[in-house]
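Chemist: Sharing a structure with you now.
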Amino acid sequence: MSIAIGHFAFGAALTALTAALFVPRFRFHRTVVVFGGLWAMIPDFYHVSPVGGSFVRLIHDSAAADLFWGHGALDAFDVTDSKEIAALFLGFFFVATVLSEIRMAAVRGRVETGTRDGWYSPAGANSSPGADSRPGADSWPVATGGGVDMAPVERSWLDRSVFGRSAKRAAAFTALLAGVGLQSLLFSRPQYIGLLVGLGALLELVGLTMFLDVSPFDRWVKSVFPPAVRTMGALVVTFAALAVAGGLLIPIQQLTPLALSYAALAIVIVLQTIRFWESAV
């Protein structure tokens with residue numbers, strides 16, 4: 001169990017760093033982090049695979065296992081399946097994700113500065129080689145020095161299409177409803193208090209963030225509530241989320257698989273809180 005957590009965290013961390021370095025324009029690392037973690041675990045799928053288990057086992061026992069984010073090397077490094085190594089990889093995942101978010105914020109800040117100072121214009125960017133000249137298409141901001149800043153300028157197609165906006169609203173409402181529903185189970189399932197509170201808070205954060213990312217709702221919030229009120233509301237949600245994350249980290253004093261799972265959930269809540277703050281303020 002511990003080595004599985006370690007493989008996932010290590011693969012997800014390396015994927016986040018790689019995507020943030022090479023493709024920051026697309027906010028790619030937020031999407032592929034989970035797939036990077038699953039990729040790192042593929043050689044171990046023979047334990048649960050209903051078919052093809054022998055073939056996957058051959059991959060696991062060969063040098064090809066290192067293609068999956070160094071799976072074979074990690075197995076050799078942590079032969080005893082220690083919980084301390086899994087905790088170390090969770091910490092590495094947290095640091096890598098924070099670094100990739102900083103990288104993303106730096107790229108986005110350069111684009112906003114260029115737009116404000118006048119060296120970026122959508123028309124000029126769309127006239128650059130390889131740019132898409134269709135109205136509303138993403139374009140590359142071009143600096144006066146000739147450099148190309150690979151950062152998102154336009155909203156994604158999910159915000160530009162009726163279907164995309166409707167899907168995001170439905171997903172946001174479903175996440176909020178599921179989060180509240182999980183936390184309501186505390187009255188009948190008190191033995192799962194950590195899991196229910198943590199997953200519920202995470203789903204509620206995801207739902208709120210998605211609502212704030214949908215264009216009409218985002219504009220309505222900014223038109224009705226002044227910046228001070230929005231900041232205070234975001235602070236209340238942030239402190240509540242951090243309190244939940246802090247509570248989930250308490251069992252880490254005893255390195256058990258459940259404590260490591262709670263710690264991983266706490267890390268994801270902290271990262272989603274950062275994403276919520278970005279959308280709310």
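Residue numbering for the sequence shown follows the UniProt record's numbering, beginning at 1 and increasing consecutively. We put the CB at the ideal spot given by N, CA and C, even for glycine.
1. Could you compute how far the alpha carbon of A171 sits from the alpha carbon of G200?
2. By DSSP, does S184 sit in helix, in strand, or in coil?
3. Tell me the DSSP secondary structure of P226 in three-state form.
4. Which one of S2, F276, W220, F94 has the shortest CA to CA distance from T80?
5. With C-beta atoms as the reference, is V244 less than 8 angstroms away from V206?
6. Below 6 angstroms CB to CB, which residues in the same chain sit around V270 once its five sequence neighbours on both sides are set aside?
7. Let me know if G179 comes out buried or exposed under the rule of 16 or more other beta-carbons within 10 Å of its beta-carbon.
8. With DSSP collapsed to three states, give me the class of L255.
9. Could you pull the start and end residues of the alpha helix (DSSP H) that T18 belongs to?
10. Tell me which residues share the same chain as E84 and place their Cβ nearer than 7 angstroms to its Cβ, disregarding the 5 neighbours each side in the sequence.
11. Does V153 pass the burial test, meaning 16 or more other C-beta atoms within 10 Å, or should it be called exposed?
12. Can you list, in chain order, the residues of its chain whose CB lies under 8 angstroms from that of A175, leaving out five sequence neighbours each side?
13. Note down, in chain order, each residue of its chain lying with its Cβ closer than 6 angstroms to the Cβ of G36, except the 5 sequence neighbours on either side.
14. Give me the Cβ distance between A4 and D66, rounded to the nearest whole Å; I'm assuming they're in contact under 8 angstroms.
15. For a quick check, are the C-beta atoms of G194 and A86 less than 8 angstroms apart?
16. Looking only at its own chain, which residues have a Cβ that is under 7 angstroms from the Cβ of I274, when we skip the five neighbours before and after it?
17. Once the 5 residues before and after V33 are set aside, which same chain residues still bring their CB inside 6 angstroms of it?
18. What is the rounded straight-line gap between the Cα of Y262 and the Cα of L248?
19. Which residues in the same chain as A234 place their Cβ atom closer than 8 angstroms to its Cβ, once the five residues preceding and following it in sequence are excluded?
20. From which residue to which residue does the alpha helix (DSSP H) around G200 run?
21. Please name the residue, chosen from F68, G52, L21, that lies closest to L38 on a Cα-to-Cα basis.
22. Return yes when the C-beta of P43 is under 7 angstroms from any heavy atom of the ligand SAM, and no when it is not.
23. I'd like the span of the alpha helix (DSSP H) that includes A73, first residue to last.
24. In chain order, what residues of the same chain have a beta carbon less than 7 angstroms from the beta carbon of S49, not counting five sequence neighbours either side?
25. Give every residue of the same chain whose Cβ lies closer than 7 angstroms to the Cβ of H60, excluding the five residues on either side of it in the sequence, and list them in chain order.
Modeler: With the structure as the only source:
1. Against the sequence shown, residue 171 aligns to sequence position 171. Against the sequence shown, residue 200 aligns to sequence position 200. Taking the straight line joining both Cα atoms gives about 15 angstroms.
2. The residue labelled residue 184 in the question sits at position 184 within the sequence shown. Looking at S184 - three-state DSSP - the assignment turns out to be helix.
3. For this step, residue 226 is matched to residue 226 along the sequence shown. Correct three-state label for P226: coil.
4. Indexing the sequence shown from 1 puts residue 80 at position 80. The residue with the shortest Cα to Cα distance from T80 is S2.
5. To locate residue 244, count along the sequence shown from 1; it is residue 244. To locate residue 206, count along the sequence shown from 1; it is residue 206. Cβ distance not < 8 angstroms, so V244 and V206 don't count as in contact.
6. The residue given as residue 270 occupies position 270 in the sequence shown. Excluding sequence neighbours, V270 sits near A245.
7. The sequence position of residue 179 within the sequence shown is 179, counting from 1. That one is buried.
8. Counting from one through the sequence shown, the residue named residue 255 turns up at place 255. Correct three-state label for L255: coil.
9. In the sequence shown, residue 18 corresponds to position 18, counting from 1. Unbroken alpha helix (DSSP H) run through T18: 2-22.
10. Looking up residue 84 in the sequence shown gives position 84. Closer than 7 angstroms at Cβ, skipping near neighbours: L255.
11. Sequence index remark: in the sequence shown, residue 153 carries index 153 (1-based). Annotation note: pLDDT 44 at V153 (below 50); position unreliable, no value reported.
12. For this step, residue 175 is matched to residue 175 along the sequence shown. So the qualifying residues of the chain are L203, E204, V206, G207, M210.
13. For this step, residue 36 is matched to residue 36 along the sequence shown. Contacts found: G11, A12, T15.
14. To locate residue 4, count along the sequence shown from 1; it is residue 4. To locate residue 66, count along the sequence shown from 1; it is residue 66. 17 angstroms between Cβ atoms; not a contact.
15. Looking up residue 194 in the sequence shown gives position 194. Looking up residue 86 in the sequence shown gives position 86. Not in contact: G194 and A86 (Cβ atoms no closer than 8 angstroms).
16. In the sequence shown, the residue the question calls residue 274 occupies position 274. Within the same chain, I274 has close Cβ partners E101.
17. Your numbering for residue 33 matches position 33 in the sequence shown. A12, T15, A16.
18. Locating residue 262 in the sequence shown gives position 262, counting from the first residue. Locating residue 248 in the sequence shown gives position 248, counting from the first residue. If I take the Cα positions, the gap works out to 5 angstroms.
19. Start at 1 with the first residue of the sequence shown, and residue 234 comes out as number 234. Only F276, W277, A280, V281 meet the Cβ criterion.
20. As a working mapping, residue 200 is identified with position 200 in the sequence shown. That run of the alpha helix (DSSP H) goes 193-213.
21. Within the sequence shown, residue 38 is the residue found at index 38, counting from 1. L38 has its Cα closest to that of F68, out of F68, G52, L21.
22. Here there are no bound small molecules, and the ligand SAM is not part of this structure.
23. Translated into positions along the sequence shown, residue 73 becomes position 73. First-last of the alpha helix (DSSP H) with A73: 71-77.
24. Along the sequence shown, one-based indexing puts residue 49 at 49. So the list reads V56, once near-sequence residues are dropped.
25. Translated into positions along the sequence shown, residue 60 becomes position 60. Hits under 7 angstroms: P43, D44, Y46.
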